[in-house]
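Quick note on numbering: this note's numbering labels position 62 of the sequence shown as 176, and the sequence is numbered without any gaps.
C-beta atoms are modelled at their ideal positions from N, C-alpha and C, and glycine is treated no differently.
As the structure is a prediction and not an experimental result, all values here were calculated from the model.
To start, the structure itself, in structure tokens.
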Amino acid sequence: MCGIFGYIGPSADKARASRLCLDGLKKLEYRGYDSAGIAGILDGKIQSSKQVGKVALLEELLERSKVPTGATVAHTRWATHGAPSTGNAHPHFDTDKSLAIVHNGIIENFQGLKNQFQNGPFKTDTDSEVIAHLISRAYSGDLLKAVKEAVELLEGSFALAVVHQDHPDEIIVCAHESPLAIGKGDDECFIASDAHAFKGQNLQVAFLSHGEMARCSRDHVQVFNSRGKALDKPFLSLNLKDEILSKNGFDHYMLKEIHEQPQTLQQALDGRYSDEFGTAQFEELKFSAQKVKRILILGCGTSWHAGLLGASLFESLARISSQAEIASEFRYTNPIIDQHTLVIAISQSGETADTLAAVREAKAKGAKVIGMCNVSHSTLTRESDHVVFLRAGQEVSVCSTKAFTSQLITLALLALYFARQRHMSKEDGQAFLAQLKNLPLKVRQVLAHSKAIEKVAIKYSSFEDFFYLGRQYMYPTSLEASLKLKEISYLNAIAYPAGEMKHGPIALVGPALAVVALCGNQQTKEKMLSNLMEVKARSSPILVFASEGETLFDAVATDIIYLPSICDELASIPYSVALQLFAYFVAVEKKTDIDQPRNLAKSVTVE
Ligand code: AGP
Numbered sequence: 115m116c117g118i119f120g121y122i123g124p125s126a127d128k129a130r131a132s133r134l135c136l137d138g139l140k141k142l143e144y145r146g147y148d149s150a151g152i153a154g155i156l157d158g159k160i161q162s163s164k165q166v167g168k169v170a171l172l173e174e175l176l177e178r179s180k181v182p183t184g185a186t187v188a189h190t191r192w193a194t195h196g197a198p199s200t201g202n203a204h205p206h207f208d209t210d211k212s213l214a215i216v217h218n219g220i221i222e223n224f225q226g227l228k229n230q231f232q233n234g235p236f237k238t239d240t241d242s243e244v245i246a247h248l249i250s251r252a253y254s255g256d257l258l259k260a261v262k263e264a265v266e267l268l269e270g271s272f273a274l275a276v277v278h279q280d281h282p283d284e285i286i287v288c289a290h291e292s293p294l295a296i297g298k299g300d301d302e303c304f305i306a307s308d309a310h311a312f313k314g315q316n317l318q319v320a321f322l323s324h325g326e327m328a329r330c331s332r333d334h335v336q337v338f339n340s341r342g343k344a345l346d347k348p349f350l351s352l353n354l355k356d357e358i359l360s361k362n363g364f365d366h367y368m369l370k371e372i373h374e375q376p377q378t379l380q381q382a383l384d385g386r387y388s389d390e391f392g393t394a395q396f397e398e399l400k401f402s403a404q405k406v407k408r409i410l411i412l413g414c415g416t417s418w419h420a421g422l423l424g425a426s427l428f429e430s431l432a433r434i435s436s437q438a439e440i441a442s443e444f445r446y447t448n449p450i451i452d453q454h455t456l457v458i459a460i461s462q463s464g465e466t467a468d469t470l471a472a473v474r475e476a477k478a479k480g481a482k483v484i485g486m487c488n489v490s491h492s493t494l495t496r497e498s499d500h501v502v503f504l505r506a507g508q509e510v511s512v513c514s515t516k517a518f519t520s521q522l523i524t525l526a527l528l529a530l531y532f533a534r535q536r537h538m539s540k541e542d543g544q545a546f547l548a549q550l551k552n553l554p555l556k557v558r559q560v561l562a563h564s565k566a567i568e569k570v571a572i573k574y575s576s577f578e579d580f581f582y583l584g585r586q587y588m589y590p591t592s593l594e595a596s597l598k599l600k601e602i603s604y605l606n607a608i609a610y611p612a613g614e615m616k617h618g619p620i621a622l623v624g625p626a627l628a629v630v631a632l633c634g635n636q637q638t639k640e641k642m643l644s645n646l647m648e649v650k651a652r653s654s655p656i657l658v659f660a661s662e663g664e665t666l667f668d669a670v671a672t673d674i675i676y677l678p679s680i681c682d683e684l685a686s687i688p689y690s691v692a693l694q695l696f697a698y699f700v701a702v703e704k705k706t707d708i709d710q711p712r713n714l715a716k717s718v719t720v721e
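As structure tokens, then:
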């Protein structure tokens with residue numbers, strides 16, 4: 115996992131290569147921010163700098179050190195093999211530092227490859243360093259050939275960029291189940307893990323396909339297939355505008371993104387429904403729901419939580435058998451998929467390696483895939499048969515908030531779309547649509563409760579352990595809410611279906627454990643109350659989130675936050691917003707790095 119960036123251009127402006135690489139790395143920091151490094155060629159030698167921590171720290175270091183001017187590669191890391199340290203930071207080198215490599219991915223057979231080197235030239239704990247030594251061993255004057263020979267020995271996923279002191283005018287790149295984009299400009303060439311790192315540049319862009327390599331120089335890019343045959347790869351203009359990122363006066367991007375949700379929900383709805391027919395409409399989808407006998411939703415983390423809720427919606431509204439699977443588990447289950455199974459792959463970034471691998475497995479078994487994604491030009495959008503965009507706008511905070519609620523509303527629209535093509539009446543469709551259209555307002559009402567939520571968050575921030583309980587739609591909602599707390603406050607938060615407590619977890623209940631109870635579903639509220647009674651009898655404080663006007667939980671609640679009421683199917687959206695605020699305010703008390711929490715990355719690009 116990590117972000118790769120590279121640049122080769124005219125050498126007149128000595129600082130241009132490093133300036134552009136730093137700028138590119140900052141745009142790739144969502145892929146990891148444990149350490150960063152840069153290497154290029156200066157006076158015929160490899161010149162490098164590495165730093166533990168974020169790209170800003172590398173930038174400071176470069177102000178005090180020599181910067182490369184020729185072909186330059188750079189890297190921002192999320193540690194997989196080896197601790198986050200300067201030594202383990204990329205780029206990595208061969209023994210006499212004649213070449214430098216940056217790598218995104220995992221080399222699964224690195225240990226066996228390392229064993230081939232008798233003299234133990236390795237200076238780092240990484241899987242990546244061996245690549246530099248393999249290329250060096252294969253090198254006899256032709257860098258492309260040496261990289262090709264080395265790559266043939268590698269197992270796993272990788273995107274690579276390589277520079278060599280004997281070739282100051284070229285960068286060799288390759289991609290193997292990891293994305294790599296090449297951007298051609300006016301007498302300059304860029305490479306990056308993600309084309310969005312090219313924002314602000316006017317480039318013609320191509321994406322390497324699995325197994326492809328390229329020799330990049332400032333005025334020419336030649337792409338080759340895995341057999342070394344030169345390809346005529348089309349380069350396209352992507353219209354990537356640079357957005358000025360701003361917190362708009364909020365203390366953190368997370369808080370800003372939480373507050374954007376009335377608007378992002380509206381954007382997800384716009385143009386996607388017909389009041390007259392009481393249905394949803396998706397221009398991007400052209401198939402009949404009649405043929406769909408089963409829906410399989412794939413995703414990881416927050417996107418999987420959205421998938422769980424989506425599966426319930428598809429079953430209850432459209433009566434299509436549906437399940438959500440964790441993408442990283444799915445591909446190892448030899449899944450049963452036939453031509454009537456529709457796969458929906460959910461990913462904010464469109465770059466999550468586990469989700470992409472699951473999509474490839476589903477496609478290999480003949481499934482059609484709808485990619486539900488927030489990022490244009492991402493790998494998922496390129497590999498899916500149909501794409502439905504979330505329209506949430508760029509999500510900067512590692513902790514996903516607005517993308518999640520956009521996933522939910524888009525899934526609810528899709529469920530309505532399928533339901534109306536099957537047995538749902540126009541009147542029922544219109545009633546559900548009315549509730550959907552009400553969501554931006556309901557979320558605005560939740561945001562108006564911020565102060566009350568902050569107050570309870572401060573009170574509960576002294577607890578180390580939390581149980582999040584819910585039933586029905588509120589159970590996946592509690593999974594997501596507890597993930598928010600874990601991610602940004604580093605507190606132990608376990609989500610459980612409330613009815614399961616008595617089968618074991620209740621042993622943990624007591625005054626030192628705080629219970630957060632999500633009581634937003636009408637159908638199960640009496641059952642929820644009984645489960646909370648059992649908790650109260652064992653002295654855990656209970657923070658209840660319930661609908662306005664609901665008095666049922668007064669007897670069990672230590673504290674209670676009332677939220678606007680809405681139908682059971684859609685309650686997850688306003689409740690999630692309230693629980694995002696709760697996690698945020700707890701994390702503020704804990705003084706954590708809210709937008710870039712420890713050990714995490716926005717996009718998880720390794721399996
Ligand atoms: C969300 O807060 C998390 N950071 C994480 O679980 C995330 O949802 C997961 O990694 C999947 O990402 P994706 O939606 O970009 O595929």
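Where residue i falls: helix, strand or coil (DSSP)
{"i": "Lys343", "result": "coil"}
{"i": "Cys116", "result": "strand"}
{"i": "Tyr610", "result": "strand"}
{"i": "Phe401", "result": "coil"}
{"i": "Val261", "result": "helix"}
{"i": "His278", "result": "strand"}
{"i": "Cys135", "result": "helix"}
{"i": "Gln508", "result": "coil"}
{"i": "Arg408", "result": "strand"}
{"i": "Tyr589", "result": "helix"}
{"i": "Ala197", "result": "coil"}
{"i": "Thr393", "result": "strand"}
{"i": "Leu352", "result": "coil"}
{"i": "Gly363", "result": "coil"}
{"i": "Gln232", "result": "coil"}
{"i": "Lys479", "result": "coil"}
{"i": "His324", "result": "coil"}
Residues that residue i bridges to, as DSSP identifies them
{"i": "Ser653", "result": "Bridge partners of Ser653: none, in fact."}
{"i": "Phe581", "result": "Ile608 and Val629"}
{"i": "Phe272", "result": "Gly219 and His290"}
{"i": "Gly146", "result": "Looking at the DSSP assignment, Gly146 forms no beta bridge with any residue, so it has no partner."}
N-terminal and C-terminal residue of the alpha helix (DSSP H) that residue i is part of
{"i": "Lys228", "result": "Phe224 to Asn229"}
{"i": "Phe546", "result": "Lys540 to Leu561"}
{"i": "Arg496", "result": "Thr493 to Glu497"}
{"i": "Thr190", "result": "Where Thr190 is concerned, there is no enclosing alpha helix (DSSP H), although the beta strand (DSSP E) it sits in stretches over Thr186 to Arg191."}
{"i": "His373", "result": "Tyr367 to His373"}
{"i": "Val700", "result": "Ser686 to Lys704"}
{"i": "Gly424", "result": "Gly415 to Leu427"}
{"i": "Gln535", "result": "Lys516 to Gln535"}
{"i": "Lys298", "result": "Taken as a continuous stretch (DSSP letters only), Lys298 belongs to no alpha helix (DSSP H), being part of the beta strand (DSSP E) at Ala295 to Lys298."}
Top-ranked residue by Cα proximity to residue i, from the options
{"i": "Pro282", "options": "Cys330, Ser463 and Leu599", "result": "Cys330"}
{"i": "Ile215", "options": "Ile152, Glu594 and Leu547", "result": "Ile152"}
{"i": "Val718", "options": "Ser417, Ala685 and Gly421", "result": "Ser417"}
{"i": "Asn362", "options": "Glu371, Asp356 and Lys355", "result": "Glu371"}
{"i": "Phe114", "options": "Tyr147, Asn606 and Gly613", "result": "Because the chain in this structure spans residues 115 to 721, residue 114 falls outside the shown range and cannot be described."}
{"i": "Thr186", "options": "Phe207, Pro625, Lys159 and Gly154", "result": "Gly154"}
{"i": "Leu383", "options": "Ile523, Leu622 and Thr200", "result": "Ile523"}
{"i": "Pro124", "options": "Cys135, Asp208, Leu268 and Arg332", "result": "Arg332"}
{"i": "Val623", "options": "Ser654, Leu632 and Val630", "result": "Ser654"}
{"i": "Glu174", "options": "Met615, Thr183 and Lys164", "result": "Lys164"}
{"i": "Asp673", "options": "Ala471, Ser254, Ala660 and Val691", "result": "Ala660"}
{"i": "Met368", "options": "Leu274, Glu721 and Asp709", "result": "Asp709"}
{"i": "Ala631", "options": "Ser442, Phe518 and Ala692", "result": "Ala692"}
{"i": "Phe532", "options": "His500, Lys407 and Tyr587", "result": "Lys407"}
{"i": "Ala273", "options": "His617, Ala188 and Leu657", "result": "Ala188"}
{"i": "Ser323", "options": "Ala309, Pro293 and Gly314", "result": "Pro293"}
{"i": "Glu269", "options": "Ala545, Ala252, His290 and Val261", "result": "His290"}
{"i": "Leu666", "options": "Glu601, Leu134 and Lys639", "result": "Lys639"}
Span of the beta strand (DSSP E), counted from its first residue to its last, around residue i
{"i": "Thr455", "result": "Thr455 to Ser461"}
{"i": "Glu439", "result": "Ser435 to Ile440"}
{"i": "Gly485", "result": "Lys482 to Cys487"}
{"i": "Tyr676", "result": "Asp673 to Leu677"}
{"i": "Gln161", "result": "Lys159 to Val166"}
{"i": "Val319", "result": "Gln318 to Phe321"}
{"i": "His334", "result": "His334 to Phe338"}
Inset, instruction - Output the residues surrounding ligand 1, defined as those with a CB atom closer than 5 Å to any ligand heavy atom, in chain order. - result: Cys414, Gly415, Thr416, Ser417, Ser461, Gln462, Ser463, Thr466, Cys513, Ser514 and Val718
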